[in-house]
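Quick notes on the structure that follows.
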Amino acid sequence: VPISNIRNFCIIAHIDHGKSTLADKLLQLTGTVQMREMKEQFLDNMDLERERGITIKLQAARMRYVLDNEPYCLNLIDTPGHVDFSYEVSRSLAACEGALLVVDASQGVEAQTLANVYLALENNLEIIPVLNKIDLPGAEPDRIAQEIEEIIGLDCSNAIHCSAKEGIGITEILNAIITRIPPPKDTSESPMRALIFDSYYDPYRGVIVYFRVVDGNIKKGDRIYFIASGKDYYADEIGVLSPNQMQVNELYAGEVGYLSASIRSVADARVGDTITQFGRRAESSLPGYEEATPMVFCGLFPVDADQFPELRDALEKLQLNDAALKFEPETSSAMGFGFRCGFLGLLHMEIVQERLEREYNLTLITTAPSVVYRVNCMDGKTIECSNPSLLPEPGKRKSIEEPFVKIEMLTPKEYIGSLMELGQERRGEFKEMNYITQNRASLVYHLPLAEMVGDFFDQLKSRTKGYASMEYSFVGYRESDLVKLDVQINGEPVEPLSTIVHKDKAYAVGRALTQKLKELIPRQMFKIPIQACIGTKVIASESLSAIRKDVLSKCYGGDISRKKKLLKKQAEGKKRMKAVGKVDVPQEAFMAVLRLE
Ligand code: GTP
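Numbering (the UniProt record's numbering), first residue to last: 92 to 688.
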């Protein structure tokens with residue numbers, strides 16, 4: 092089709108507002124996928140994603156649709172639905188001319204949706220409001236339309252009412268995509284530039300790159316150059332996503348497709364990078380490229396020390412597919428050999444952990460996540476520290492800076508008070524509050540990222556019965572009065588339990604942490620002191636009394652096979668433990684600092 096008949100769009104929606112269901116209906120109605128080849132939902136195709144009901148990786152699909160006897164080509168570019176991946180969202184938006192803003196007509200606009208709408212507006216996208224789930228008895232599409240107008244300032248007079256589930260309003264949406272979203276600009280004569288909005292590692296073919304041709308054209312066999320990574324390759328295969336990969340010989344300005352070029356790591360073809368021709372390079376890259384900066388670090392240690400080489404292999408393999416994952420070896424006297432790993436956020440961290448255990452059969456101990464501190468040392472140097480146990484001694488450091496985030500919470504008005512308390516407890520600095528509608532308010536705080544890592548989101552949800560939503564972005568480093576809190580168990584320091592806390596909270600955290608550890612660490616045959624210290628000063632201490640837990644006493648002598656069985660059972664119960672000196676410390680203890688009352 093001519094470029095004037097191409098439309099590139101994405102769907103912006105809050106989790107559970109129906110993005111995947113709508114995408115599936117669009118694919119069905121355009122005959123892109125047949126009912127029988129539809130898995131439960133086509134666009135989210137990683138198992139993990141389906142189980143968690145969230146979209147992690149971007150995908151794309153090309154649809155054919157005829158309107159008034161004109162054939163059109165509609166490219167849907169999927170966007171991930173979580174704050175950790177907002178950079179990827181911004182790149183997929185940059186690859187489009189328009190967006191469907193899907194809002195659950197029984198719920199209304201959420202913080203995350205808002206953030207993505209602003210990103211879309213910055214990218215000059217045409218936004219089509221879609222009010223979904225009108226089949227629900229509680230749906231109030233007119234009220235929600237008004238809410239969108241008030242909050243975003245978007246004209247909702249021609250918002251589309253739809254039920255993705257019942258298939259209502261789908262044709263209207265397709266027509267609106269064609270009539271309201273502009274076609275791409277025709278720049279096919281310019282030197283080639285293509286924007287990478289996703290890439291993944293295929294063990295047989297190497298990295299598969301998903302891109303939007305912005306200028307010029309790309310042919311099969313072209314020698315291509317990635318501007319940010321500085322790598323060049325031959326595009327052995329190019330094609331479109333319909334939604335399965337289908338080879339073509341050439342793609343033109345405005346089109347969306349994939350390529351494969353025997354690329355060994357996604358780091359060579361990262362999201363946001365610009366592809367150009369090796370022989371006829373574009374003068375500049377497309378705007379918006381950013382390096383991935385891990386915000387959260389934790390230690391990963393195999394429970395069984397023999398699994399260390401396997402853990403390294405697994406991390407290397409995952410990294411081929413995940414340019415944001417960083418890791419380096421870490422050794423600790425308490426934990427043995429492991430890795431210090433960096434992640435975009437907590438969800439990213441959980442995903443990697445889960446994949447390591449599930450896909451690579453590893454049993455791991457994860458230590459509590461830490462942010463990256465900046466330490467200004469006496470010798471004038473500034474070092475970055477993402478491992479609390481390696482924080483320079485008080486005599487060597489002048490000051491410590493920590494990352495701050497701006498967080499926006501949207502909440503029904505009755506919960507404003509409890510969210511303000513939460514903000515206060517987490518060292519938040521109140522910035523502003525606005526009523527976005529009569530009943531809903533937006534609260535903005537600046538607070539330390541360290542206070543958000545952990546259970547902040549859970550707290551937000553539980554204090555508002557699940558009604559509030561939030562969004563955050565990094566705002567910069569600030570000096571804070573921080574100290575390092577160390578933990579000793581049975582007289583031995585356990586570095587992975589060290590944590591960096593604000594001075595004013597140190598005593599309370601020390602007390603709560605030792606109490607929590609006392610609950611979590613199983614009693615042993617001897618008494619175990621548990622202490623929290625700042626430097627050499629003990630600020631809190633507990634002691635775990637001895638127990639003689641003799642499982643064999645139940646066996647009344649004799650039966651050796653029964654004895655073995657019992658011992659095996661006990662060993663299995665111990666799986667997620669790390670022996671620290673003479674004490675077995677369970678996984679939960681390493682995360683205890685995140686769950687203090
Ligand atoms: P993420 O992939 O997590 O971002 O969620 P999503 O926005 O893709 O939501 P999804 O399509 O998975 O829908 C969430 C839930 O809402 C599912 O249980 C759907 O069946 C349901 N749902 C989606 N559209 C409608 C609708 O029009 N009406 C009703 N009643 N339910 C719907």
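The C-beta atom is built at its ideal place from N, Cα and C for all residues, glycine as well.
Remember, predicted model here, so these are calculated numbers, not experimental data.
Beta bridge counterpart(s) of residue i as assigned by DSSP
i	result
Met524	Leu534
Leu222	Val194, His252
Arg488	Cys468
Glu499	Val535, Glu562
Ser634	Pro620
Glu421	Gly429
Ala104	Val193
Gly330	Gln338, Tyr349
Phe388	Gly433, Ser461
Cys476	Tyr464
Gln368	Ile315
Lys669	Val676
Leu302	Per the sequence shown, the amino acid found at residue 302 is Phe instead of Leu. In the DSSP output, where bridge partners are listed per residue, Phe302 has Ile287, Gly348.
Thr590	Leu576
Pro294	According to DSSP, Pro294 bridges with nothing at all.
Gly567	Phe495
Asn99	Asn166
Proximity test, residue i beta-carbon vs ligand 1 heavy atom, cut-off 7 Å
i	result
Asp289	no
Ser424	no
Asp107	yes
Lys552	no
Lys596	no
Lys417	no
Asn223	yes
Ala236	no
Ser177	no
Lys110	yes
Glu257	yes
Ala104	yes
Ser320	no
Ser560	no
Ser183	no
Reference residue i; option with closest CA among the options
i	options	result
Pro503	Leu184, Val496, Arg531	Arg531
Gln550	Leu510, Ile103, Glu217, Val466	Leu510
Ala541	Ile580, Tyr506, Thr590	Thr590
Asp413	Asn478, Thr457, Ser423, Ala360	Ala360
Lys669	Lys618, Pro587, Thr605	Pro587
Tyr598	Ile630, Lys607, Leu501	Ile630
Asn525	Asp546, Leu447, Met500, Leu538	Met500
Glu484	Pro494, Ile498, Met469, Glu493	Met469
Asn249	Glu263, Ile243, Gly229, Val462	Glu263
Asp175	Tyr558, Met440, Gly307, Ser423	Met440
Pro334	Cys164, Met543, Lys256	Cys164
Pro232	Leu212, Gly199, Ile259	Gly199
Gln203	Ala104, Val566, Tyr380, Ser490	Ala104
Ile638	Ser423, Val387, Thr627, Phe617	Phe617
Ile225	Gly258, Phe428, Val298, Lys673	Gly258
Ala185	Val305, Asp572, Thr473	Val305
Glu217	Thr270, Asp195, Ile235	Thr270
Under 8 Å between C-beta atoms of residue i and residue j
i	j	result
Glu328	Ser351	yes
Val347	Ala603	no
Glu188	Arg98	yes
Phe687	Ala459	For the record, residue 687 in the displayed sequence is Leu; it is not Phe. Cβ atoms of Leu687 and Ala459: not closer than 8 Å.
Asp675	Cys624	no
Ser632	Arg614	no
Glu179	Asn96	no
Val221	Cys253	yes
Ala425	Val585	yes
Asp289	Gln368	no
Phe681	Thr384	no
His537	Lys552	no
Ala396	Gly363	no
Leu117	Leu210	no
heavy atom of ligand 2 below 7 Å from residue i C-beta
i	result
Asp226	With respect to small molecules bound, the structure shown includes ligand 1 and not ligand 2.
Cβ-Cβ separation, residue j to residue i (assumed contact under 8 Å), whole Å
i	j	result
Ile251	Ala267	6 Å
Leu409	Leu402	No, Leu409 and Leu402 are not in contact; Cβ-Cβ is about 11 Å, not under 8 Å.
Thr528	Glu238	5 Å
Ser480	Phe388	Going by Cβ atoms, the distance from Ser480 to Phe388 rounds to 12 Å, so no, they are not a contact pair.
Ile318	Ala326	So it is not a contact: roughly 15 Å between Cβ atoms.
Ile309	Val300	About 11 Å separates the two Cβ atoms, so there is no contact after all.
Gln398	Leu453	6 Å
Phe100	Leu191	6 Å
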